[in-house]
Amino acid sequence: MRSSRSRVFIALMLPALALLNHALLVALFPPVVAFFLLSSLGGTLVGVAACLACTWASGGGILDAARATPWVPTPESDVRELLSFVTPKSGFLELGSGDGRNLCLAIQMGFPTAMGVEAAPLLVGISRLRAWWSQNGQRITVTMADALTAPLPEATEVDAIYMYLSHELVAALAPRLACAYGGLHGGPSVLSRDFELPGWGEPRVRRQRGRTALLLYDTAGVERPPDSTCQ
Numbered sequence: 002m003r004s005s006r007s008r009v010f011i012a013l014m015l016p017a018l019a020l021l022n023h024a025l026l027v028a029l030f031p032p033v034v035a036f037f038l039l040s041s042l043g044g045t046l047v048g049v050a051a052c053l054a055c056t057w058a059s060g061g062g063i064l065d066a067a068r069a070t071p072w073v074p075t076p077e078s079d080v081r082e083l084l085s086f087v088t089p090k091s092g093f094l095e096l097g098s099g100d101g102r103n104l105c106l107a108i109q110m111g112f113p114t115a116m117g118v119e120a121a122p123l124l125v126g127i128s129r130l131r132a133w134w135s136q137n138g139q140r141i142t143v144t145m146a147d148a149l150t151a152p153l154p155e156a157t158e159v160d161a162i163y164m165y166l167s168h169e170l171v172a173a174l175a176p177r178l179a180c181a182y183g184g185l186h187g188g189p190s191v192l193s194r195d196f197e198l199p200g201w202g203e204p205r206v207r208r209q210r211g212r213t214a215l216l217l218y219d220t221a222g223v224e225r226p227p228d229s230t231c232q
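Per this note's numbering, residue 2 is the first one in the sequence shown, and the count goes up by one each step.
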């Protein structure tokens, strides 16, 4: 009975991880598969031993994945306020676009197009379904990719870039965005919830709501790093 309950728990946990933390799902998949297969063949103890062996072999992979940025939707009121700082002329880009709700909201608020970059396949699928259901499938594009390596649009194609990520990811993206858009007059505004962009100075707009910070940076005031750094 206990083994059956454990299997049910694991079976329910996997879809939840696919939605909330794709990196952790990928890291846990080998030990979970080993547990299921070898428990059936050699009993629960053999399955547990195989699961522990796979976990040990992964080194710090599972711990690193557990610390990865989980999917946490931004409250709509925060996104609306951030987007109200920008005049929509071309497009909206979200790095880590989750289930696509912010992409649809950007279209509602007047952006001609909305682009999302998301690494989790399940969230990409939900985003595309949401875009189709909202009848904005032609104006919304969702790319399954890592925000740190995905191609960035030209400055003329985007008015606002939004991200609600971890401090570590924002710090890693800051120089990449500076390379792409730094020093460009009329370039996109970069919007961040909670986390400042290192090396970008003081944001032009800062709205504080308790622990929540809504930040807007102008790329025109950001110095572009040397070409050797940006390559």
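All C-beta atoms in this analysis are idealised placements derived from N, C-alpha and C, irrespective of residue type, glycine included. These numbers were taken from a predicted model, which means no experiment stands behind them.
**Item:** Test item: CB-CB of residue 97 and residue 166 under 7 Å
**Value:** As a first step, residue 97 must be located in the sequence shown, where it is residue number 96. As a first step, residue 166 must be located in the sequence shown, where it is residue number 165. In contact: residue 97 and residue 166 (Cβ atoms closer than 7 Å).
**Item:** CA-to-CA distance, residue 190 to residue 220, given in whole angstroms
**Value:** Within the sequence shown, numbered from 1, the residue matching residue 220 stands at position 219. Within the sequence shown, numbered from 1, the residue matching residue 190 stands at position 189. Looking at the two C-alpha atoms, the distance is approximately 6 Å.
**Request:** Would you tell me roughly how many angstroms separate the C-alpha atoms of residue 172 and residue 134, rounded to the nearest one?
**Result:** For the purposes of this step, residue 172 is taken as the residue at position 171 of the sequence shown. For the purposes of this step, residue 134 is taken as the residue at position 133 of the sequence shown. Roughly 35 Å separates the two Cα atoms.
**Request:** Would you identify the three-state DSSP class for residue 143, choosing helix, strand or coil?
**Result:** Residue mapping note: residue 143 aligns to position 142 of the sequence shown, counting from 1. It is a strand residue.
**Request:** Take every Cβ of the stretch 189 to 207, pair it with every Cβ of the stretch 116 to 135, and state whether three or more of those distances are shorter than 8 Å.
**Result:** no
**Item:** Span of the alpha helix (DSSP H) around residue 129
**Value:** The residue labelled residue 129 in the question sits at position 128 within the sequence shown. Per DSSP, residue 129 belongs to the alpha helix (DSSP H) from 122 to 134.
**Item:** With 16 other Cβ atoms within 10 Å as the buried cut-off, status of residue 64
**Value:** Your numbering for residue 64 matches position 63 in the sequence shown. Any reading at residue 64 is ruled out, since the residue's pLDDT is 48, under 50, leaving its predicted position unreliable.
**Prompt:** Which value, in whole angstroms, describes the spacing of the CA atoms of residue 200 and residue 175?
**Reply:** Reading the sequence shown from its first residue, position 199 is the one you call residue 200. Reading the sequence shown from its first residue, position 174 is the one you call residue 175. Approximately 8 Å, taken between the alpha carbons.
**Continuous beta strand (DSSP E) stretch holding residue 207: start and end** = Position 206 of the sequence shown, counted from the first residue, corresponds to residue 207. Unbroken beta strand (DSSP E) run through residue 207: 206 to 210.
**Prompt:** Where does the unbroken beta strand (DSSP E) through residue 213 begin, and where does it stop?
**Reply:** As a first step, residue 213 is located in the sequence shown; it is residue number 212 there, counting from the start. Per DSSP, residue 213 belongs to the beta strand (DSSP E) from 213 to 219.
**Item:** Identity of the residue in 217, 130, 138 and 227 nearest residue 113 by Cα
**Value:** Locating residue 113 in the sequence shown gives position 112, counting from the first residue. Checked all of 217, 130, 138 and 227; the closest Cα to residue 113 is 138.
**Message:** On the criterion of 16 or more Cβ atoms from any shown chain inside 10 Å, does residue 218 qualify as buried, or is it exposed?
**Reply:** Here residue 218 refers to the residue found at position 217 of the sequence shown. Its Cβ being crowded by 16 or more others within 10 Å, residue 218 is buried.
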